[in-house]
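Enquirer: For the record, the sequence lines run as chains A and B. The first sequence begins at 1 in full-length UniProt numbering and counts up one residue at a time. The second sequence begins at 1 in full-length UniProt numbering and counts up one residue at a time. Quick reminder that beta carbons are idealized off the backbone N, C-alpha and C, glycines included.
Number of protein chains: 2
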Amino acid sequence: MADPTVSSIDGKLAEEFSIPTHVEEVKQKMAAFATQHASAGRRVVLITSGGTKVPLESRTVRFLDNFSSGRRGSTSAEYFIDSGYAVIFLHRHRSLYPYTRMFSTINMLDALQLKGGEEVVVDQQVLPDIAKVLKKYSEVKESGLLLPVEFNTLSEYLHMLKVAAQALSTIGSKAMFYLAAAVSDFYIPASDMPEHKIQSSDGPLQLSMKMVPKILSPLVKEWAPQAFVVSFKLETDASILLEKARRALDTYRHQAVVANLLETRQTSVLVVTLNTQAELLLTEDEVKKQVEIEEKIVSNLTAAHHVFITQQAG
Amino acid sequence: MADPTVSSIDGKLAEEFSIPTHVEEVKQKMAAFATQHASAGRRVVLITSGGTKVPLESRTVRFLDNFSSGRRGSTSAEYFIDSGYAVIFLHRHRSLYPYTRMFSTINMLDALQLKGGEEVVVDQQVLPDIAKVLKKYSEVKESGLLLPVEFNTLSEYLHMLKVAAQALSTIGSKAMFYLAAAVSDFYIPASDMPEHKIQSSDGPLQLSMKMVPKILSPLVKEWAPQAFVVSFKLETDASILLEKARRALDTYRHQAVVANLLETRQTSVLVVTLNTQAELLLTEDEVKKQVEIEEKIVSNLTAAHHVFITQQAG
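#1: Counting pairs of beta carbons, one from the stretch 114 to 130 of chain B and one from the stretch 121 to 133 of chain A, are three or more of them closer than 8 angstroms?
#2: Pick from E15/B, A259/B, I47/B, S143/B: whose alpha carbon is nearest that of Q36/B?
#3: Going by Cα to Cα distance, which pick from S7/B, V61/B, E15/B is closest to D185/A?
#4: Counting beta carbon pairs with one atom in the stretch 190 to 198 of chain A and one in the stretch 45 to 60 of chain A, are three or more of them shorter than 8 angstroms?
#5: When the cut-off is 8 angstroms and only beta carbons count, does E243/A lie next to chain B?
#6: Just to confirm, is the Cβ distance from V271/B to A248/B under 8 angstroms?
#7: Is the CB of Q125/A under 8 angstroms away from at least one CB in chain B?
#8: To the nearest angstrom, how far is it from the Cα of G172/A to the Cα of Q290/B?
#9: Quick one: measure Cβ to Cβ for V230/B and Y178/B, integer angstroms, because I've assumed they're closer than 8 angstroms.
#10: Report the neighbours of Q206/B on chain A: residues whose CB is nearer than 7 angstroms to its CB, in chain order.
#11: Strictly below 8 angstroms CB to CB, what residues from chain B border T236/A?
#12: What's the gap between the Cα of M1/B and the Cα of P218/B?
#13: Taking the alpha-carbon of V23/B as reference, which of A224/B, A77/B, A164/B has the nearest alpha-carbon?
#14: Does any C-beta atom of chain A lie closer than 8 angstroms to the C-beta of E118/B?
#15: Compare the C-beta of L134/A with all C-beta atoms of chain B and state if any pair is closer than 8 angstroms.
#16: I'd like to know if S7/A contacts chain B, where contact means its C-beta is closer than 8 angstroms to some C-beta of that chain.
#17: Going by DSSP in three states, M160/A sits in which element: helix, strand or coil?
#18: For L168/B, would you say it is in contact with chain A, using Cβ-to-Cβ distances shorter than 8 angstroms as the test?
#19: For F186/B, is the beta carbon positioned less than 7 angstroms from some heavy atom of the ligand ADP?
#20: Are the beta-carbon atoms belonging to Y99/B and L109/A less than 8 angstroms from one another?
#21: Taking 7 angstroms as the limit between beta carbons, can you name the residues of its chain near A303/A, skipping five residues before and five after?
#22: Beta carbon of S49/A, beta carbon of G73/A: below 8 angstroms?
#23: So, helix, strand or coil for H196/A, using DSSP?
#24: At 3 residues or longer, what runs of the beta strand (DSSP E) sit wholly inside the stretch 219 to 277 of chain B?
#25: Check the Cβ-Cβ distances between T75/A and every residue of chain B, and say whether any is below 8 angstroms.
#26: How would you call D65/B, buried or exposed, if buried means at least 16 neighbouring beta carbons within 10 angstroms?
#27: Pick helix, strand or coil for A180/A, following the three-state DSSP scheme.
#28: For F17/B and V183/B, I'd like the C-alpha separation in whole angstroms.
#29: Interface residues of chain A around L114/B at Cβ under 7 angstroms?
#30: Excluding the 5 residues flanking T75/A on each side, which residues of the same chain have their C-beta closer than 7 angstroms to its C-beta?
#31: Which residue or residues does DSSP assign as beta-bridge partners of D65/A?
#32: Just the C-alpha distance for K27/B and E150/B, rounded to the nearest angstrom, thanks.
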């Protein structure tokens, strides 16, 4: 019998979050990608990355957003590929992207030079790693190990994640979900939304936002019950972090939570499972050498995924 | 005697919107830029561009945003420079930027090629205009006609605009304000803001947002009373557009409103002044030839600015 929570979430998803027109097409692509790589003996990770946009008006001028550059997700994608995974990169439109993330902070025109009147070359004093990164990027593109899928709004994110889970369910425990996106907890149902831009002449703004359904629940229980699922917790208050991670594992019964604080998220995370917790840290020396904490997170989780697959098979 | 509205807005600005640390330094830079170019006989335009971020928490995870890619502002900056203006480009961090805007939608790595093992060149089949754009960009950089200043939050925007107005007041009617940024109408005062991330376990979210002070009022009346000031109106409802533009001119007594609808803003705008209104349109043929409506807007306004300067002098 279906879990009542799960079916109510499914119902809400269909009613209150508009379905992107191309969702079935994307589902087919993801399913084909997963099957192809799993048959070749590869594991497949679905990474979600970036923040979600929650419109306040149906012809949207204003929206609620979540802080997320997409750094965690895009960086992790590179390390998953290095570890032999095929990666579905479900990311917010214009958030950081694997490989290109390295020069996201510069104005590209400042790194280009005219040469001999016609040719335009990259100034490698400005971008010293560009040849290496470009080579890597081209190899990955050639190999077909990276499938990018974009979302923009919360609705798009939720529906895309649902079909991704269904598409990956066919490869069972070989699938990992690495849910690093910063997803809004609140939304305004389509039926409550004004069509036009809210007028400031009407006075101060009272917004009443509903809680977003906890999609992790149907994902773990129904859509991809055999997969290895990792969720993320970002907090600003250190005193509640571990407790919140444990509570999430208790509630959803998934495999791991990566917990971190906004201010130290680049150098310190906790990987929490039902029976363990590991603190991953960058030393000062590692920071100097530009080691990235995502390398450690991915290494920890791919090892745990390996154990998980073995246990499931046994 | 000081206008009571103006002084109350000034007070609110100081109390409820935190002052960016580098605001005085930016003011000095803008003042020097304005004086230098005005002495060389140039007019100076301050362009605001992109949306503002309104934090919901003081250690910010969530924020309210306004839709704006910065296309209008960044495109206009190029045409103002072509028309002989010096441009202060006050823009949202990571919004579209003059010249680079042309390849904002592509992944730069898809446009690069390794050549002879070491050199990295731009593939001009992917970016056919790159040599021309780079040449133009370098000339403008060399000439010092573009001063970029960034903001991120609404507070930063408001304070930066205030000091910009004060900095430009020294050049009188030679200054134009082209206020194309999409500025939030609502905010949460620092004193009402929770420090930590709002917890979704506390249930649905009730947000009560105050109205942002109408900064156009002190800008026109006090900070830069001799300048030529252009504000923008973006609506989704055509039936209220013109009336809202007229009401703004009545209230603030500035020189022009550029009024446009969200859906047709790339091909049609109204330039409204106290006694005139001009509809600027792109024909189908112009759209095909990639004429940009900003060329027409800037041409209309620079002509009006010229008349304004002559009248002020007479």
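Expert: So, from the data block:
#1: Touching, yes.
#2: With distances taken between Cα atoms, Q36/B lies closest to S143/B.
#3: Nearest Cα to D185/A within the set S7/B, V61/B, E15/B: V61/B.
#4: Segments in contact, yes.
#5: It does not: the Cβ of E243/A has no partner Cβ on chain B nearer than 8 angstroms.
#6: Contact flag unset, no.
#7: Cβ-Cβ to chain B under 8 angstroms: no for Q125/A.
#8: Their backbone Cα atoms lie some 50 angstroms apart in a straight line.
#9: Right, the Cβ-Cβ distance comes to about 5 angstroms (below 8 angstroms), so this counts as a contact.
#10: What Q206/B touches in chain A, judged by beta-carbon distance under 7 angstroms, is S208, going in chain order.
#11: Simply E57, R59, V61, E195, H196, K197.
#12: Any reading at M1/B is ruled out, since the residue's pLDDT is 44, under 50, leaving its predicted position unreliable.
#13: Per the Cα distances, A164/B.
#14: Yes, E118/B counts as interfacial toward chain A.
#15: Chain B, which has a Cβ nearer than 8 angstroms to the Cβ of L134/A, makes this yes.
#16: No, S7/A lies away from the interface with chain B (no Cβ there is under 8 angstroms from its Cβ).
#17: If DSSP states are grouped into helix, strand and coil, M160/A belongs with the helices.
#18: No - not a single Cβ of chain A is within 8 angstroms of the one on L168/B.
#19: In the structure shown, the ligand ADP is absent, as is every other ligand, since no ligand is present at all.
#20: With respect to the 8 angstroms criterion, Y99/B and L109/A are classified as neighbours on the basis of their beta carbons.
#21: Close CB contacts of A303/A within its chain, under the 7 angstroms cut and outside five residues either way in sequence, are absent.
#22: Yes, the Cβ-Cβ distance between S49/A and G73/A is below 8 angstroms.
#23: Annotated three-state conformation of H196/A is coil, per DSSP.
#24: DSSP assignment within the stretch 219 to 277 of chain B yields the following whole beta strand (DSSP E) runs of 3 residues or more, N-terminal first: 228 to 235, 256 to 261, 268 to 272.
#25: So, not an interface residue.
#26: When all chains shown are included, D65/B counts as buried.
#27: A180/A: coil per DSSP, three-state reduction.
#28: Approximately 14 angstroms between the Cα atoms of the pair.
#29: Chain A residues near L114/B: A131, L134, K135.
#30: Excluding sequence neighbours, T75/A sits near R101, E292, E294.
#31: Note: D65/A sits in a beta bridge opposite K53/A, F63/B.
#32: Looking at the backbone, the Cα of K27/B and that of E150/B are separated by about 13 angstroms.
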